[in-house]
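Mapping of the sequence shown onto the numbering used here: position 71 corresponds to residue 71, and the numbering continues sequentially without gaps. Even glycine gets a Cβ: it sits at the ideal position worked out from N, Cα and C.
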Amino acid sequence: MGSTGAKGKSLKTIKKQMVVNTGAVERSAAIGEVTMSHEVEDLLLHTYTLICMLRHTCAYTSNIHTHTRAPLTTNEASHPPTPIHACPHVPAPVSPGRKRDFSPVPWSQYFESMEDVVVENETGKDTFRIYKSGSEGPVLLLLHGGGHSALSWAVFTSAIINRIQCRIVALDLRGHGETKVRNPEDLSAETMAKDIGNVVEAMYGDLPPPIMLIGHSMGGAIAVHTAASNLVPSLLGLCMIDVVEGTAMDALNSMQNFLRSRPKTFKSLENAIEWSVKSGQIRNLESARVSMVGQVKQCEGAASPEGPKTIVEGIIEEEEEEDEEGGGSVNKRKKEDDTETKKEHPYTWRIELSKTEKYWDGWFRGLSNLFLSCPTPKLLLLAGVDRLDKDLTIGQMQGKFQMQVLPQCGHAVHEDAPDKVAEAVATFLIRHRFTEPIGGFQCVFPAC
């Protein structure tokens, strides 16, 4: 955490840059330019981004100096926010002597019920796993990110169900979680969007209740494709969480390297949960304990002899060389390793995301304009204002959607800060008069 003087200096720098940009725009206007040049357009976008950064920085530093904040919710009281000095993608260090519990937690602690929705068509049946809570109000249909599952919404569900009248339906998308379909490898945006429409029809028939689609990362892209194709006729709102076309397309170049850097197997669920927290994939331990259950599965048999190590072993031991008498000890060692692996029943990822690369471009290309064109109230939640691309920045300036930045979060915003995301979504729904608050919930309006 920097000193107050350092903060003041950075704020002055931002303000100075805003003055420079604004002055350049004013000079262009004074010359009488009718057509906005690319330089002036870029200056406007840059200035607007700086204004958003300044607003969030001022609000954040104000809270630091005054030490004021809203009363803690139950989840926040149990899991204090990460210190300011902590890296946005690395969990804060644990104090000496404090032992964290990495044991898995069942879905039933957060959802009221679980169902398998059967979708029938001319070629057969597909079964989609859903988790539900609530009995009144609009339906919030929650779509998870790639590699995750419906359980990633568990803590968010318990947070929002206590703030507003709503019904939660968290869905395992095809190829993920406990959903079983005939062709789980087909993860095209078109196919998954049709899945959403089919599940809604199977659940509610021709008269579905008001539905808001909320999606994180890949799920956010699928929500937009679903809305744009009018596959949910009762759609009342759309929310994307930390997915923007520009940054998503840029990130695809390094995605395979990221996937290769992950461990391929885990010795136990506890190990998988521990890795997710310590690696920063999920910064909220409470969420990780329920979410990771839906991301990994128990291996059916032994791992391949040449396969990578499990996360627990830490190092790959050198294979024993064949002895001078020709005893074939290398093969013997491999068989022993396979037998030991079977005994340990290691866990591995439910879906091999590296094999879905051919669909990535289709999820995100053209997403910003598709999002802006959807004729429904829209909300965009981001972990940082720097994630905005040009199209969304212009759309935000034109008031085409509501945006809120939730700092101190990783990519899994709804898992890292479930209370803040619940607060933002609840405020959005109340603001548009789609539902009513409960439990004395007070709306908190975003900075920009």
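>> Any contact between the segment 245-259 and the segment 227-236? By contact I mean 3 or more CB pairs, one from each, below 8 angstroms.
In response: no
Cα-Cα separation between residue 195 and residue 224, rounded to whole angstroms: If you number the sequence shown from 1, residue 195 lands on position 195. If you number the sequence shown from 1, residue 224 lands on position 224. Approximately 13 angstroms, taken between the alpha carbons.
Exercise. If you drop the 5 nearest sequence neighbours on each side, which residues of the same chain put their C-beta closer than 8 angstroms to that of residue 127?
Worked result: The residue you call residue 127 lines up with position 127 of the sequence shown. 116, 117, 118, 119, 179, 180 and 181, listed in sequence order.
Compare the Cα-Cα distances from residue 296 to each of 217, 262 and 400 and report the closest residue. Start at 1 with the first residue of the sequence shown, and residue 296 comes out as number 296. For the residues 217, 262 and 400, the minimum Cα distance to residue 296 belongs to 262.
Are the segment 143-163 and the segment 412-423 touching, with three or more C-beta to C-beta distances below 8 angstroms?
yes
Notebook entry, point to check: Do the segment 208-221 and the segment 133-149 meet, that is, are 3 or more Cβ pairs less than 8 angstroms apart?
Noted result: yes
Exercise for review: Determine the direct distance from the alpha carbon of residue 162 to that of residue 440, and round the result to whole angstroms.
Suggested key: For the purposes of this step, residue 440 is taken as the residue at position 440 of the sequence shown. For the purposes of this step, residue 162 is taken as the residue at position 162 of the sequence shown. Roughly 10 angstroms between the two C-alpha positions.
Notebook entry, point to check: Roughly how many angstroms lie between the CA atoms of residue 394 and residue 104, to the nearest whole one?
Noted result: Walking along the sequence shown from the start, residue 394 turns up at place 394. Walking along the sequence shown from the start, residue 104 turns up at place 104. Their backbone Cα atoms lie some 43 angstroms apart in a straight line.
Less than 8 angstroms between the C-beta atoms of residue 272 and residue 204, yes or no? Locating residue 272 in the sequence shown gives position 272, where the first residue counts as 1. Locating residue 204 in the sequence shown gives position 204, where the first residue counts as 1. No.
- Query: Which value, in whole angstroms, describes the spacing of the CA atoms of residue 391 and residue 383?
  - Reply: As a working mapping, residue 391 is identified with position 391 in the sequence shown. As a working mapping, residue 383 is identified with position 383 in the sequence shown. Looking at the two C-alpha atoms, the distance is approximately 18 angstroms.
Check whether the Cβ atoms of residue 221 and residue 200 sit closer than 8 angstroms, and answer yes or no. Within the sequence shown, numbered from 1, the residue matching residue 221 stands at position 221. Within the sequence shown, numbered from 1, the residue matching residue 200 stands at position 200. Cβ distance not < 8 angstroms, so residue 221 and residue 200 don't count as in contact.
key: Exposure of residue 397, with buried meaning 16 or more beta-carbon neighbours within 10 Å   = Counting from one through the sequence shown, the residue named residue 397 turns up at place 397. Per the 10 Å Cβ criterion, exposed.
Original post:
DSSP state of residue 250, grouped into three classes?
Top reply: Working through the sequence shown from its first residue, we reach residue 250 at position 250. Residue state, collapsed to three classes: helix.
_Using only the alpha-carbon positions, how far apart do residue 442 and residue 356 sit?_
By 1-based counting over the sequence shown, the position of residue 442 is 442. By 1-based counting over the sequence shown, the position of residue 356 is 356. Approximately 42 angstroms between the Cα atoms of the pair.
Cβ neighbours of residue 403 in the same chain (closer than 6 angstroms, five flanking residues each side left out) = As a working note, residue 403 is residue 403 in the sequence shown. If we look at residue 403 and ignore the five residues flanking it on each side, its Cβ neighbours are 380 and 396.
- Return the CA-CA distance between residue 187 and residue 102, expressed in angstroms with no decimal places. For the purposes of this step, residue 187 is taken as residue 187 along the sequence shown, with counting starting at 1. For the purposes of this step, residue 102 is taken as residue 102 along the sequence shown, with counting starting at 1. Residue 187 and residue 102: Cα-Cα distance of roughly 31 angstroms.
Practice task
Return helix, strand or coil for residue 136, following the three-state DSSP convention.
Solution key: As a working note, residue 136 is residue 136 in the sequence shown. It is coil, neither helix nor strand.
- Looking only at DSSP bridge pairs, what is residue 359 linked to? For this step, residue 359 is matched to residue 359 along the sequence shown. Paired residues: none, contrary to the question.
query = beta strand (DSSP E) containing residue 191: first to last residue?
reply = If you number the sequence shown from 1, residue 191 lands on position 191. Where residue 191 is concerned, there is no enclosing beta strand (DSSP E), although the alpha helix (DSSP H) it sits in stretches over 189-204.
Checklist entry - Using DSSP with H/G/I as helix, E/B as strand and the rest coil, what is residue 418? => result Translated into the one-based positions of the sequence shown, residue 418 becomes position 418. Helix, per DSSP.
inquiry  = Looking at residue 125: is its Cβ nearer than 8 angstroms to the Cβ of residue 111?
reply    = Indexing the sequence shown from 1 puts residue 125 at position 125. Indexing the sequence shown from 1 puts residue 111 at position 111. Not closer than 8 angstroms, so no.
| What does a CB cutoff of less than 7 angstroms around residue 107 pick up in its chain, not counting 5 residues either side in sequence? | Here residue 107 refers to the residue found at position 107 of the sequence shown. Within the same chain, residue 107 has close Cβ partners 114, 131, 151, 154 and 290.
If you drop the 5 nearest sequence neighbours on each side, which residues of the same chain put their C-beta closer than 8 angstroms to that of residue 374? On the sequence shown, residue 374 is found 374 positions in, with the first residue counted as 1. Excluding residues within five positions, the ones whose Cβ falls inside 8 angstroms are 224, 227, 228 and 238.
Q) Near residue 172, which residues of its chain fall below 6 angstroms by C-beta distance, leaving aside the five closest residues on each side in sequence? A) Position 172 of the sequence shown, counting from 1, holds the residue named residue 172. These residues qualify, in order along the chain: 129, 149, 150, 178 and 179.
- Message: For residue 225, report the span of its alpha helix (DSSP H) as first-last.
- Response: Working through the sequence shown from its first residue, we reach residue 225 at position 225. That run of the alpha helix (DSSP H) goes 218-228.
- So is residue 99 buried or exposed if we call it buried at 16+ other beta carbons inside 10 Å? Start at 1 with the first residue of the sequence shown, and residue 99 comes out as number 99. Exposed.
**OP:** Work out the CA separation of residue 426 and residue 158 for me, nearest whole Å.
**Re:** Here the question's residue 158 lines up with position 158 in the sequence shown. Here the question's residue 426 lines up with position 426 in the sequence shown. For residue 158 and residue 426, the distance between alpha carbons rounds to 13 angstroms.
- Using a Cβ-Cβ cut-off of 7 angstroms (strictly less than) and excluding sequence neighbours within five positions of residue 134, which residues of its own chain qualify? One-based indexing of the sequence shown puts residue 134 at position 134. Excluding residues within five positions, the ones whose Cβ falls inside 7 angstroms are 161, 166, 167 and 168.
request  = Would you decide whether residue 109 is buried or exposed? Buried here means 16 or more other CB atoms lie within 10 Å of its CB.
outcome  = Here residue 109 refers to the residue found at position 109 of the sequence shown. Result: exposed.
*Range of the contiguous beta strand (DSSP E) that encloses residue 168*: Residue 168 sits at position 168 when you count from the first residue of the sequence shown. Looking at the DSSP string, the run of the beta strand (DSSP E) that includes residue 168 is 167-171.
Which residues does DSSP list as the beta-bridge partners of residue 242?
The residue given as residue 242 occupies position 242 in the sequence shown. Residue 242 pairs with nothing; no bridge assigned.
* Out of curiosity, what's the CA-to-CA distance linking residue 191 and residue 274? -> Locating residue 191 in the sequence shown gives position 191, counting from the first residue. Locating residue 274 in the sequence shown gives position 274, counting from the first residue. Using only the alpha carbons, I get a separation of about 34 angstroms.
Quick check on residue 418: buried or exposed, where buried means 16 or more other Cβ atoms within 10 Å of its Cβ?
In the sequence shown, residue 418 corresponds to position 418, counting from 1. So residue 418 ends up on the buried side.
What residue from 350, 385, 292 and 430 has the CA that sits closest to residue 276's CA? Within the sequence shown, residue 276 is the residue found at index 276, counting from 1. Of the candidates 350, 385, 292 and 430, the one whose C-alpha sits nearest the C-alpha of residue 276 is 292.
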